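Written below as structure tokens is the structure these notes are about.
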Amino acid sequence: MTWQRLISFARRFRRSEDGASLIEYSIVISLFLLVFFAILDFGRLGFNWVMTEKAMQRAARIAVARPPVCPGVPETHDRGTRVSARYGDLCRAGDNICMPEPAQVCRLSTSTMLSAMTDYQTDCPAATNADTATEIWCIIWPILPSNATPANVQVSYSFEKSLGFLGGPYTPIVEVSVADLRFSFITPLPGLAALVGGGATTNLSEDADSNGQADIAFPDMSVSMPAEDLSLGGRG
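For the sequence shown, the numbering used here assigns the number 31 to the initial residue and increments by one for each residue that follows.
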């Protein structure tokens, strides 16, 4: 091939528009896939958010009518420093009528029954044979995110002056919350975002699960309700 032919070929190549539509298609399809995968993943996030909130509502309703999950929760409202208070006086009738108990906080994973299960998603016992933590978990796990474990669900019992009376059943505020839960992207959303933005496709997130998928901290959420009688001595 002579120099003249090479120069002629180069000029034709420079003026040629063959393949331009393929480049345009590549750009458009990348943007389309980015939006499509974003809809999928954020739809999953929204669904998990709503279902987790519902799970916390169900868990709180069980917790207020069952024996405490945490050890050390008193059975009755003990006398505070006001020695003139009489049994039957409302805790809110004055200062120091009832003893302000410290808050008790624990995770469902502290349950001996749950710890002994080989598969706590299929070995759930009947509610009448389960402790409170196990009963709560067996009801809420089907609607929690698939990566949730009993260690992600926390129960707390906090003294509330406006509830109960001296000598009566201890009636704290019961709060059930989900914490330390991660949401993992199952689609290549971070990779596409980096591709469209012209960035690197590695180290897309500071946090990643064991499979290398980018993930984010799932928002903590909680539900609080006043205790009933905590079903002391029975299962309500």
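Idealized CB from N, CA, C, for every residue including glycine.
All values derive from a computational prediction rather than experimental measurement.
Beta-bridge analysis with DSSP links Phe-213 to Ile-246. Setting aside the 5 residues that flank it on each side, Ile-92 is surrounded in the same chain by Thr-162, Glu-165, Ile-166, Ile-169, each with a C-beta closer than 8 Å to its C-beta; the list follows chain order.
Counting only the Cα atoms, Ile-69 lies some 19 Å from Arg-212.
Sequence-distant partners of Gly-102 (beyond 5 residues in either direction) whose C-beta falls short of 7 Å from its own C-beta, in its chain, are Gln-134.
Taking a 10 Å sphere around the C-beta of Gln-87, we find fewer than 16 other C-beta atoms and assign the residue as exposed. Looking from the CA of Ile-127, the closest CA among Pro-249, Pro-97, Gly-197, Arg-109 belongs to Arg-109.
For Arg-91, the secondary structure class from DSSP, reduced to helix, strand or coil, is helix. Taking Trp-79 as reference, the option from Ser-254, Met-255, Asp-250 with the minimal CA-CA separation is Asp-250.
The C-beta distance from Ala-89 to Arg-137 rounds to 12 Å, too long to fall under 8 Å, and the pair is not in contact. DSSP, reduced to helix, strand and coil, places Arg-137 within a strand of the structure shown. For Ile-203, no alpha helix (DSSP H) segment is defined; the enclosing uninterrupted segment is the beta strand (DSSP E) at 203-208. The count of Cβ pairs closer than 8 Å, one atom from the segment 181-196 and one from the segment 117-124, reaches three, so the stretches are in contact. Residues of the same chain with a CB within less than 6 Å of the CB of Ser-139, apart from the 5 flanking positions on each side, are Pro-180, Ala-181 in chain order.
Ranking Asn-159, Met-129, Pro-98 by CA distance to the CA of Val-113 puts Met-129 first. In this structure, Glu-105 lies away from Phe-189, with their beta-carbon atoms at least 7 Å apart. When secondary structure is reduced to three states using DSSP, Leu-61 falls in the helix class.
Looking from the CA of Glu-205, the closest CA among Asn-177, Ser-252, Trp-171 belongs to Ser-252. Thr-217 places its beta carbon less than 7 Å from that of Phe-67.
Val-80 sits in a helix when the DSSP states are folded into three classes. Ala-257 has its alpha-carbon roughly 20 Å from the corresponding atom of Tyr-117. Boundaries of the beta strand (DSSP E) around Ser-186: 183-188. With contacts defined by Cβ atoms closer than 7 Å, Met-255 and Ile-173 do not form a contacting pair.
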